[in-house]
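Below, the structure written as structure tokens:
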């Protein structure tokens, strides 16, 4: 398994952990920081809403650290991709409630199921075979009913 860690602005749909970039992490973190700053500026200091925004910013910081570490210690191992996927999915879960907000990148900030392109392809092949088996079963069942 190989990883891709490019620094260019990410585009297209993100489908697996190996395609996740540090720029994706930067963009999601900036998006959330803007939400929290807006919440703080719209509320009195030390109000519940202000404190909630501060707490969420701290939580996001804690969630971003292991995702960033997965790039720093990238050795291309399946274990590292598993960790990257796990920590990314936890981070993007916080942002998901803003998925219908302007600036939310639904193509890049989705839940990651796959580790890399080969994992995604083998899953698609498995699904295709299962659908063929199901269709053959249903066809045989139909023919036996005559």
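Numbering (the numbering used here), first residue to last: 1 to 146. Even glycine gets a Cβ: it sits at the ideal position worked out from N, Cα and C.
{"Asked": "Residue 7 burial status per 10 Å Cβ neighbour count (16 or more: buried)", "Found": "Reliability of the predicted coordinates at residue 7 is poor, the pLDDT of 48 falling under 50, and the value obtained from them is presented with this limitation in mind. Its Cβ having fewer than 16 others within 10 Å, residue 7 is exposed."}
{"Asked": "Backbone CA spacing between residue 10 and residue 131 [nearest angstrom]", "Found": "33 Å"}
{"Asked": "Endpoints, alpha helix (DSSP H) assigned at residue 67", "Found": "48-72"}
{"Asked": "Own chain residues within Cβ distance below 8 Å of residue 5, not counting five before or after", "Found": "The pLDDT assigned to residue 5 is 42, lower than 50, so where the model puts this residue is not dependable, and the model offers no usable value."}
{"Asked": "DSSP-derived helix/strand/coil call for residue 137", "Found": "helix"}
{"Asked": "Euclidean distance between Cα positions of residue 45 and residue 115", "Found": "42 Å"}
{"Asked": "Reduced DSSP category for residue 4 - H, G, I as helix; E, B as strand; rest coil", "Found": "A caution first: residue 4 carries a pLDDT of 42, below 50, which makes its placement in the model too unreliable to give a value."}
{"Asked": "Sequence-distant residues of its chain with Cβ nearer than 6 Å to residue 3 (five each side left out)", "Found": "A caution first: residue 3 carries a pLDDT of 44, below 50, which makes its placement in the model unreliable, though a value can still be read off. Here the set comprises 18, 74 and 76."}
{"Asked": "Residue interval of the alpha helix (DSSP H) (run including residue 25)", "Found": "22-41"}
{"Asked": "Counterpart residues of residue 16 in DSSP-defined beta bridges", "Found": "114"}
{"Asked": "As assigned by DSSP and simplified to three states, the class of residue 146", "Found": "coil"}
{"Asked": "Classification of residue 113 by the beta-carbon crowding that lies within 10 angstroms, buried from 16 upward", "Found": "exposed"}
{"Asked": "Cβ-based neighbour list, residue 80, same chain, cut-off 8 Å, excluding 5 preceding and 5 following", "Found": "3, 70, 73 and 74"}
{"Asked": "Rounded C-alpha distance that separates residue 14 from residue 59", "Found": "24 Å"}
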